[in-house]
Amino acid sequence: MVKKIFVGLLGVVLVITGVVLFNTFTFTSTQKTFTPRQVTKISESSLKHFQEAIHFQTISYGDSLKFDSAQFNAFHRYLRATYPLVHKTMSVQTVSGYSLIYKWEGKNPSLKPYILMAHQDVVPIEEASRQRWTVDPFAGIIKDNFIWGRGTADDKINLISIMEAAEKLIAENFQPGRTIYLAFGHDEEVGGKGATAMAHWFTGKNITAEMILDEGGVITKEKIPGVKKPVALIGTAEKGYLSLELSVEISGGHSSMPEKETSIDLLTKAITKLRANPFDAKLTGPMKGFMKSVGPEMSFTARMVFANPWLFKKMIYSTYEKSGGGNAMLHTTLVPTIIQAGIKDNVIPTVALATINLRLLPGDGSLEMIDRIKKIIGDERIKINPVGRISEASAVSSTDSFAFDQVDEAIKESYPDVVSSPFLMIGATDSRHLKEVSNNIFKFSPMFDPFGFHGIDERVSLESYQTSIFFFENLMRNTLQLKP
Ligand SMILES: [Zn+2]
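Numbering (the numbering used here), first residue to last: 12 to 495.
Written out as structure tokens, the structure reads:
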């Protein structure tokens, strides 16, 4: 009997091992290959233009009264003076005051256009952190092979690279095969009213785009463990955004004789429950695509894990859940960000309030999540109300499209030996407002691991800037290729 069980178990183990190995050996590269082109080195003038663009303090403040229109007007004048051929060849529209839409007429007006997006605005420098900057954040300083300053990575590198590439191509008498729109929002960092107005501008003209490309994932040389090659992370969807106010009101009283429960007790209990019961991990389309694209490029053991998610799902989840960034790829996240109660040390407050911020995975709708939160808290006395804008997660753009292939091709022509992969954007971008304008919306910034995003010592490498200009040049040139 014992022998029979042993033989049976051995059989099962052998079958599992066989399947695991079979899956691993047949888990082969899905990468399309394109021949790298000879890179154009950055010219002195291109470099100077990027440095100068950093000088403009095109800051988006939370408080709209602080908006400094003079900075934006000066930036627009600067673009006109710096890119004369672009301004001679393209028509320019201003919408929502300061957002810019350029139209570069293509050879074949019957082809659907591309829309290349970037935003003009930058986040402020927190007063408390200003002296922790190594350089003046608006001086555009070059140091240690990096260009330093607020907005270098987010997002003037994209805006200036697009302009540099277009100016260069126009100087060569190049005309794109299809029309290219450049859409530069002015308030991405505070919600994107400009992008909403640009979306209306396009839909009002019945324009649907073959592709929209906006800021997003980067080419990372170090952030994906187990892969030696650089990985270009092309955002195919972005998470949604929802803030909720939890409030509780019960009679307070004197702190010398507290009742069993106070408003603060109830509120903190609710928050603790929410934090202790995270939403289930889910493999969304972009994450599955990531595993299929990056998995085969990994070392044997990692490849075995990614090739057999049916067996190693738990292991994959726990690896990603170790870091905040990895965890956010798998979960709708929730975190308290504001908490308010009490006015005096000897008074029990009647009202306690907390704001919690959620970032929604594609497929997790805001109403459904509010329902789940109510169930987890399980206390009718806690009232739950949405605050501010709710933005659902975006649709997922297909990687099985001409548009995705065009991005992939331009990346691989601009830098050798890159692996391209779909990816879920955790942060929000202006392109989410243009969902009516195209089904193919990709979020990708052709630069290598920047530093100081929204933080101190923001900077991008000179190599990033060179690759970025070259990427847009190749993408524009390739509009002469026809869709199969
Ligand atoms: Zn940005």
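Each residue gets a CB set at the ideal place from its N, CA and C atoms; glycine is no exception.
Just so it is clear, the structure is predicted and the values come from calculations on it, not from any experiment.
query                                                                                                      : result
Own chain residues within Cβ distance below 6 Å of I181, not counting five before or after                 : L96 and T100
Closest residue to M222 among F415, F17, L435 and E474 (Cα-Cα distance)                                    : F415
Short Cβ contact (9 Å threshold) for A92 with G162                                                         : no
Residue burial classification, S432 (beta-carbon count within 10 angstroms, cutoff 16)                     : buried
Y331 (DSSP reduced to helix, strand or coil)                                                               : helix
Residues with C-beta closer than 7 Å to any heavy atom of ligand 1, in chain order                         : H130, D165, D166, E199, E200, E226 and T440
In DSSP terms, what G202 is bridged to                                                                     : In DSSP, G202 forms no bridge with anything.
For Y252, three-class secondary structure by DSSP                                                          : strand
Which listed residue (L473, K494, D468 and T490) has its alpha carbon closest to that of Q142              : D468
7 Å CB neighbourhood of I171 in its chain, flanking five on each side removed                              : H60, F61 and A64
Contiguous alpha helix (DSSP H) assignments of at least 4 residues, all confined to the region 149-228     : 168-182 and 204-215
Start-to-end residues for the beta strand (DSSP E) that takes in P457                                      : I452 to F459
Residue of K293, D198 and E272 minimising C-alpha distance to D74                                          : D198
Residue ranges of each beta strand (DSSP E) within the region 25-85, 3 or longer                           : none
Terminal residues of the alpha helix (DSSP H) in which K99 lies                                            : P95 to T100
N- and C-terminal bounds of the beta strand (DSSP E) containing V398                                       : K394 to S402
Option in V259, P124 and L378 with minimal Cα separation from L493                                         : P124
The region 386-396 / the region 224-235 touching (three or more Cβ pairs under 8 Å)                        : no
Rounded distance between the beta-carbons of G215 and G205, thought under 8 Å                              : In fact, because the Cβ distance is near 15 Å, the residues do not count as touching under 8 Å.
6 Å Cβ shell around I349 - same chain, five flanking residues per side excluded                            : T366
Under the three-state DSSP convention, the category G246 falls into                                        : strand
Residue environment, V448, which counts as buried when at least 16 other CB atoms sit within 10 Å          : buried
Burial state of M487 (16 or more Cβ within 10 Å)                                                           : buried
Beta-carbon gap between T361 and S267 smaller than 9 Å                                                     : no
For M309, three-class secondary structure by DSSP                                                          : coil
Candidates E249, F481 and T490, of which the one nearest R48 by Cα                                         : F481
Residues bridged to S5 [DSSP beta-bridge criterion]                                                        : No answer is possible for residue 5: the residues shown for the chain start at 12 and end at 495.
Among L491, T490 and E484, nearest to E178 - alpha-carbon criterion                                        : E484
Proximity winner among E332, H444, P320 and E175, relative to H98 (alpha-carbon distances)                 : E175
Test item: CB-CB of I126 and L369 under 9 Å                                                                : no
Residue range of the unbroken alpha helix (DSSP H) whose run includes L285                                 : S274 to A287
Cβ shell of V146 (< 8 Å), same chain only, five flanking positions each side left out                      : I152, K154, W159, G160 and D468
C-alpha gap between K355 and I393, whole angstroms                                                         : 23 Å
Sequence-distant residues of the same chain with beta carbon closer than 7 Å to T7, five excluded per side : For residue 7 there is no data in the structure shown, the boundaries of the chain being 12 and 495.
One or two residues paired with A318 in a DSSP bridge                                                      : In DSSP, A318 forms no bridge with anything.
Close Cβ partners of R314 (< 7 Å) along its chain, the five nearest in sequence each way excluded          : T35, F38, G306 and P307
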